[in-house]
Amino acid sequence: MSERAILFLPGDGIGPEVMEEVRRVIGWFGKRQLAIRVEEDFVGGAAIDRFGVPLTEETLAKAKAIGTVMFGAVGGPEYDSLPFEKKPERGLLRLRKELGLFANLRPAMVFPALADASTLKRELVEGLDIVILRELTGGVYFGEPRGIETLPDGQKRAVDTQVYTTGEIERIARVAFELARKRKNKVTSVEKANVMYTGVLWREVVQAVHDREFPDVALEHMYADNCAMQLVRYPKQFDVIVTDNLFGDLLSDCAAMLTGSLGMLPSASLGTPGADGRRPALYEPVHGSAPDIAGKGIANPLACVLSFAMLLRYSFDLPAEADRLEKAVARVLEEGYRTPDIMQPGCTRVSTAEMGTRLLAALDALV
Ligand code: IPM
Ligand code: MG
């Protein structure tokens, strides 16, 4: 059996704080015959402070060699004035692109104990379990040409390009249908085919992949604006939502909030398996660096922990361990432990580290 290794990139803001709790979880598994080697490096603002760039070539090479990355968060107000190409976020975007992480899984599930934490009524979100599958290496995030130019009359003109090829749409569509087969067997493909050519192609290609390879899966097409509305109107109608990079960015934040807290949502970004069969992958909480609460010890580590559970499942093929960790998360919530972001009346308010301690206790109790 080859060695299990992870590159830790804690990054900025609350990133290092929530990653610390994952480290403790890894330690817990380490004491139970599951050895994982952890290397650590800098990304985002943390890398800018040390090396002047948000991702060094060495760090990128390390990420490629190890292949499995646990990512905290990047960004903060102190970097707002940096030129676009030097911003902390570029580190993350470059990792996604260079590792070929085209498939971004963003599950939005409501833990029973948190059904009242949602801003939507309990009956709308109770038992919710949907996945936003976001295309992550194409579209307007990377399309050329892009930039800002000055026109002869002194005005400026900014351009971004939304672009997709058949191949890019086919491979994300396949991930969507395969995922749906393991779930409730339904895919909603989302674009703006009424306005955008990329939307027209997206719809055509998804339909063709369906008809050719996955006729057993239910498929519907939906415009992105309608999807945003449907997500808050009746989210349980969805199973797998597959969409492009930009719509996926927007809709996954919306879906995240259905669960009551952005602090609860994990994500996995997967690439194509290489010749050795290993699939490059990066796991990160959806919440971001949250500079307003950084350093206070109050961040919710559960999204990061759940991202690590996804890592156990998708990169290390350890479904039993992933299940145990997810059950431990459900258990601490049932026991009433809450970081401030999910605090409810009658519950016990805990710090980031206390939540980690409770989680390890729950893992012990589940053995
Ligand atoms: C996300 C974030 C990123 C994105 C930012 C930090 C570049 O919003 O992962 O959803 O826009 O993809
Ligand atoms: Mg986003």
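Letter by letter, the sequence shown follows residues -3 to 363 in the working numbering. All C-beta atoms, glycine included, are put in the ideal place defined by N, C-alpha and C.
Remark: the C-beta of Val213 is outside contact range of the ligand MG, defined as less than 8 Å to any heavy atom. One Cα belongs to Val21, the other to Gly352, and the distance between them is close to 8 Å. Under the three-state reduction of DSSP, Leu91 is assigned to helix. Out of His217, Gly332, Glu166, the CA that lies nearest to the CA of Ser185 is found in His217. The count of Cβ pairs closer than 8 Å, one atom from the segment 4 to 20 and one from the segment 346 to 361, reaches three, so the stretches are in contact. In the DSSP assignment, Pro6 falls within the beta strand (DSSP E) that extends over 1 to 7.
Of Val236, Met260, Phe312, Phe38, the smallest CA-CA separation from Arg130 is found for Val236. Distance from the CA of His283 to the CA of Glu85, rounded to the nearest whole angstrom, comes to 14 Å.
If one requires a minimum length of 3 residues, the beta strand (DSSP E) runs lying completely within the segment 179 to 208 are 182 to 187, in chain order. Rounded to the nearest angstrom, the gap between the Cα atoms of Asp313 and Ser265 is 15 Å. Cβ atoms of Leu91 and Leu132 stay farther apart than 8 Å, at about 11 Å.
By the CB criterion at 9 Å, Leu302 and Met260 fall inside the cutoff. Of the heavy atoms belonging to the ligand IPM, at least one sits nearer than 8 Å to the Cβ of Glu85. For Tyr310, the closest of Gly291, Tyr279, Val228, Pro287 by C-alpha to C-alpha distance is Tyr279.
DSSP links Tyr310 through a beta bridge to no other residue. Taking a C-beta distance under 9 Å as the contact criterion, Leu215 and Val202 qualify as a contact pair.
Here DSSP, grouped into helix, strand and coil, assigns Phe80 to helix.
Within the same chain, Thr133, Phe138 come within 7 Å of Lys93 by CB-CB distance, once the 5 residues on both sides are set aside. Annotation for Asp249 indicates a beta carbon within 8 Å of some heavy atom of the ligand MG.
Per DSSP, Gly256 lies in no beta strand (DSSP E) segment and is marked neither H nor E. The beta-carbon distance between Leu254 and Ala59, rounded to whole angstroms, is 32 Å. This is too long to meet the 8 Å contact definition.
In the assembly as shown, Asn190 is an exposed residue. Its beta-carbon has fewer than 16 other beta-carbons within 10 Å.
With a contact defined as Cβ atoms closer than 8 Å, Val205 and Glu166 qualify at about 5 Å.
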